[in-house]
Structure formats: C-alpha cells, structure tokens
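Below is one structure; the comments refer to it alone.
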Amino acid sequence: MLKSRAKQMDDFLATYLNADAKNGEIDRPEKLVNAMRHGVLNGGKRIRPFFVIEIAKMLGADEELALFPAAGLECLHSYSLVHDDLPAMDDDDLRRGQPTVHIAYDEATAILAGDALLTLAFDLTAHEESGLSAQVQIELVRALARDSGVGGMVGGQQLDLDNENKEAAEELISRIHAMKTGALIRYSCEAGAIIAGSNHKERQNIRRYGELVGLAFQLADDLLDVTSDAAAMGKATRKDAEAGKSTLIAIHGVEWARERLNQYVGEAEALLAQYGRKADIIRAATHFVAKRQS
17 MLKSRAKQMD
27 DFLATYLNAD
37 AKNGEIDRPE
47 KLVNAMRHGV
57 LNGGKRIRPF
67 FVIEIAKMLG
77 ADEELALFPA
87 AGLECLHSYS
97 LVHDDLPAMD
107 DDDLRRGQPT
117 VHIAYDEATA
127 ILAGDALLTL
137 AFDLTAHEES
147 GLSAQVQIEL
157 VRALARDSGV
167 GGMVGGQQLD
177 LDNENKEAAE
187 ELISRIHAMK
197 TGALIRYSCE
207 AGAIIAGSNH
217 KERQNIRRYG
227 ELVGLAFQLA
237 DDLLDVTSDA
247 AAMGKATRKD
257 AEAGKSTLIA
267 IHGVEWARER
277 LNQYVGEAEA
287 LLAQYGRKAD
297 IIRAATHFVA
307 KRQS
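If you're matching positions, the sequence shown starts at 17 in my numbering and goes up one per residue.
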C-alpha cells in the first residue's frame, strides 16, 4: 500500500511540477522546475502523504479530497530536506541514493528550489481544485504553518544546530525531536482528521497518535544512523556522532531505544483501537515506521 500511495503521489506531483505556467503565474524557469523535481521526485517513501490520505479515509472522507493537501505536505517536507542538505546546514552530498540538489545543480538554485517548494506547498493545500471547503483549507494552512514553522520543524532545526558539539539534556533532545521531525508527522495525521471533518475530541486523539508516530520515526532514524550503512540508507550514516549531536541513544543505548520504540507503538495502537478493522492499514504503517530498515 505504501508503494501504491507513493506512486499515486509521484504521479500527482509530476503534473504540477512542470514548466507550464499555471493560472496566475507568469513563467516557470526550466532550471528551477528541474531542481524542484530533483528534490521531490526522487524515490521517497511518501510516509507523510500516506498518513494524510489513509487517516482521512479511515475517518470516512473521500480520499480524493486528501490528494492536494497530501501533495502540499510532501512539497514542504522536500523543501526542508533540500535546505537541510546545504553546506550551511548538514552539508550532505547524498539523499535517497542520489546527489543532493545543491550537488546536482548549485547552492543558489537549491535555495530557490526549496523556497519554491515551500510556497507551492501552501498553493496546493489551499488549491481551488481540491474540492475542500474554504474553512477546511484555512484550518489545514494554519496547522501546516504552525507545525512547520518557528514553533515546529524550522524551530527544531535551529535548536538542533545550536546544540551541536554540546552535551544536551534529555528533555532538550526530546523537544528537538518533537519539533524537527515529530511536528510534521503529527500534522500529516491531524490533516486527515481535518479533511474528514472530525470533532475536537477525535482530532485531538489523532493528533496524539501522530505525536507518538513522530517520536517513533525519529528514534528509528537515530537507530538506523548507528546500526545501518550508507548503501542501505541511501544517505550518509553516523552523521549525529560526526556532527557532535547528543542523542537519546548516546545517553541510554540501543536496547533502551528499541524498548522505547515498542512503547511508542503500543501507545499509538491503543489510540486506534476504537476504529477496529478500519485502522488495520494505519496499524501496519505504525509498525513500519518503527521497524523500517532505511
């Protein structure tokens, strides 16, 4: 199902990432569009749009209504990777087994490609062809802005940079994880509830599920960083140690991390219990996030 949804999202994104100017646009520079495509259409798992679509579907929404917001989220996530890979940030040459955007093109184009993907994310989230009501679009844009901005993903990246080569406390490490990685995954789940028109209680329940999945995702990523290799991951490994970053694994060890992962999965599954068999694919995705090998 992940592969099927990933292909669906790739096909959807490819239609909006071409050189043809869209309604209201003046022109689309070919080099910039190609750099954007390189940053997005490069074989990602599409975990975040998967959660948007599948949770909306689980809660009774037409999955077609989730496509534009899901594509917008993937554009925003991809912009963050393009910028994270820059020499001023993580200075990575490899992403998903391919040269990063600034290596394939140049630094200035990579910055602009990230900027363009970020703005395209909000264009797609509030797109006139999405079929979503104006109120739902406003709620999605507001939630995406807050989970991806200064109080979410971007703020988490700043805290991460500020604490390189420092011995960070466990509470700070957890806060960085919740902001840098967890906030956007939390949004991917909550967006499904917003699209489905869930009430406040259900939306909070799904939001908490997303928080747990986000924590599991980051912990699994940290485990892979110390136990896997670049060939399997499609990117450099052991980066945290080389960058002098404190991690929960460095504090508690690998076995503790695996036990904590199981705890997160158990808590997340408990929140899905009320949905019965409708949540089967989401349960499977929860396990995939925690046990993935790349």
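Idealized CB from N, CA, C, for every residue including glycine.
- By the criterion of a C-beta distance shorter than 7 Å, PHE233 is surrounded in its chain by THR197, ILE201, VAL305, once the five residues flanking it on both sides are discounted.
- Proximity of the stretch 154 to 167 to the stretch 176 to 190 falls short of the contact definition, fewer than three beta-carbon pairs being nearer than 8 Å.
- Sequence-distant Cβ neighbours of GLN153 in its own chain, meaning closer than 6 Å and more than five residues away, are ALA142.
- Cβ neighbours of CYS205 within its own chain (closer than 6 Å, five residues either side excluded): PHE67, ILE71, ILE222, TYR225, GLY226.
- Residue environment for GLU90: buried (at least 16 other C-beta atoms within 10 angstroms of its C-beta).
- Counting every other CB atom within 10 Å of its CB across the protein chains shown gives ASN58 a total of 16 or more, marking it as buried.
- No residue range can be given for GLU183, since it is assigned to no alpha helix (DSSP H) and is classified by DSSP as neither H nor E.
- If you ignore the 5 residues before and after GLY76, its C-beta comes within less than 6 Å of the C-beta of ALA212, all in its own chain and listed in chain order.
- If you draw a straight line from the Cα of ASP101 to the Cα of LEU231, it is about 22 Å long.
- In terms of Cβ geometry, TYR291 and MET74 form a close pair [threshold 8 Å].
- Contact annotation: ALA86 and MET25 have beta-carbon atoms nearer than 8 Å.
- Take the alpha-carbon of ALA194 and the one of GLY172: they are about 8 Å apart.
- Excluding the 5 residues flanking it on each side, SER94 has same chain C-beta neighbours closer than 7 Å at GLY55, VAL56, LEU133, in chain order.
- By the neighbour-count criterion, in which 16 or more other beta carbons inside 10 Å mark a residue as buried, THR135 falls on the exposed side.
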